[in-house]
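**Q**
There are 2 protein chains.
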Amino acid sequence: MAKKQSQKKCDPSPAKLKADPTAEELAKLAWAIAHPARVQIVRLLIGRDACMCGEIVDCLPLAQSTVSQHLKILKESGLIQGEVDGPKVCYCVNPKRLEQLKRLVAGL
Amino acid sequence: MAKKQSQKKCDPSPAKLKADPTAEELAKLAWAIAHPARVQIVRLLIGRDACMCGEIVDCLPLAQSTVSQHLKILKESGLIQGEVDGPKVCYCVNPKRLEQLKRLVAGL
DNA sequence: AACGTCTATCGTCGATCAACGATTTGATCT
DNA sequence: AGATCAAATCGTTGATCGACGATAGACGTT
Chain G
1 MAKKQSQKKC DPSPAKLKAD PTAEELAKLA WAIAHPARVQ IVRLLIGRDA CMCGEIVDCL
61 PLAQSTVSQH LKILKESGLI QGEVDGPKVC YCVNPKRLEQ LKRLVAGL
Chain R
109 MAKKQSQKKC DPSPAKLKAD PTAEELAKLA WAIAHPARVQ IVRLLIGRDA CMCGEIVDCL
169 PLAQSTVSQH LKILKESGLI QGEVDGPKVC YCVNPKRLEQ LKRLVAGL
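Residue numbers (my numbering), protein chains in the order written: chain G, 1 to 108; chain R, 109 to 216.
#1: From the DSSP secondary-structure annotation, give me the bridge partner or partners of G/C110.
#2: For the stretch 30-45 of chain G, which residues have a beta carbon sitting closer than 9 Å to at least one beta carbon of chain R?
#3: Is G/E24 close to chain R, meaning its C-beta is less than 9 Å from at least one C-beta of that chain?
#4: Does the stretch 155-166 of chain R come close enough to the stretch 129-147 of chain R to have 3 or more Cβ pairs within less than 8 Å?
#5: Using DSSP with H/G/I as helix, E/B as strand and the rest coil, what is R/I181?
#6: Below 7 Å between beta carbons is the criterion; list the residues of the stretch 172-202 of chain R that meet it against any residue of chain G, in chain order.
#7: What separation, rounded to the nearest whole angstrom, lies between the Cα atoms of G/E76 and G/H70?
#8: Answer yes or no: does any C-beta atom of chain G fall closer than 9 Å to that of R/A214?
#9: In the structure shown, what three-state DSSP assignment does G/I80 receive?
#10: Which residues in the same chain as R/Q189 place their Cβ atom closer than 6 Å to its Cβ, once the five residues preceding and following it in sequence are excluded?
#11: Do we get a CB-CB distance below 9 Å when we pair G/A27 with the residues of chain R?
#12: By the 10 Å Cβ neighbour count, where 16 or more other Cβ atoms means buried, how is G/R43 classified, buried or exposed?
#13: Decide if G/A63 is buried, meaning its Cβ has at least 16 other Cβ atoms within 10 Å, or exposed.
#14: Alpha carbon to alpha carbon, how far is G/L104 from G/L26?
#15: Do you know offhand how far G/R97's Cα is from R/G194's?
#16: So is G/D49 in contact with chain R if we call contact Cβ pairs under 9 Å?
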């Protein structure tokens, strides 16, 4: 008690908690939904199973370019994917990635 | 702002995406763990049930002031709480808030 | 080929984050 | 009181976000 933890470090390795791939993975996925607009987009896609960019723009009080940016962030996280369908792009959620997010959060 | 978007024809019930408190709530909680260091802090607190700030600093490759900032963010999200214990501060997770996060993510 | 539509990207701007060192605050002990 | 240690806050810096308008690219249609 009241002993200075100069020797009793929390981690024996000097690398400390550096090597924690799941922490970065979870942070990355959490970051994807760390904005109300992106949460709504994800929910929209889950509810509709698929949706074009234009529809999403119509559903949100944001400019088209802003929505496109949010979609890009979501795509980079792997939570959603968009396949080109002619002149349009059809977005849908990536179930595996969504499951991974749920698993990581549930495992906290 | 957003005074020019005149209710497009996205959905018969546009109010659905307007007032969406859970989206903001989820975004807020997700934001709290949207950084690897904060994920590690939360895990640390869950694993130890309680932890002093100094211990957390020793566990992370970050300066004390930086850790303190992350703790502040986590505290503001409600995910953790710190009670003053003499000269030190004992941090612990807020189980209710953590449950809420898990529920919101699982409910996606 | 030219046009119109849909989407992505560019450039900009203000606001915020993340990191640090230095300093201040707060509580305990001698 | 004074010394000491723990934690929070201050002030700064560089990087990134979030928003937008404007523009460029891809594709089907005329």
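Ideal Cβ placement from N, Cα and C applies to all residues, glycine included.
**A** With the structure as the only source:
#1: The shown model of chain G, from 1 to 108, leaves out residue 110 of chain G, and the question about it has no answer.
#2: Answer in chain order: A30, W31, A32, I33, A34, H35, P36, A37, R38, V39, Q40, V42, R43 and L44.
#3: Yes, G/E24 counts as interfacial toward chain R.
#4: As far as the Cβ criterion goes, the stretch 155-166 of chain R does not touch the stretch 129-147 of chain R, which means the pair count is below three.
#5: Helix.
#6: Within the stretch 172-202 of chain R, no residue qualifies.
#7: Annotation: G/E76 to G/H70 spans about 10 Å, alpha carbon to alpha carbon.
#8: Chain G, which has a Cβ nearer than 9 Å to the Cβ of R/A214, makes this yes.
#9: It is a strand residue.
#10: Its chain contains N202 as the residues whose beta carbon lies nearer than 6 Å to that of R/Q189, once the 5 sequence neighbours on both sides are disregarded; these appear in chain order.
#11: Yes, contact with chain R.
#12: So G/R43 counts as buried.
#13: Sixteen is the threshold: since fewer than 16 other Cβ atoms of the shown chains lie within 10 Å of the Cβ of G/A63, the residue is exposed.
#14: Cα to Cα, G/L104 sits roughly 6 Å from G/L26.
#15: So the alpha carbons of these two residues sit roughly 44 Å apart.
#16: At a cut-off of 9 Å between beta-carbon atoms, G/D49 makes no contact with chain R.
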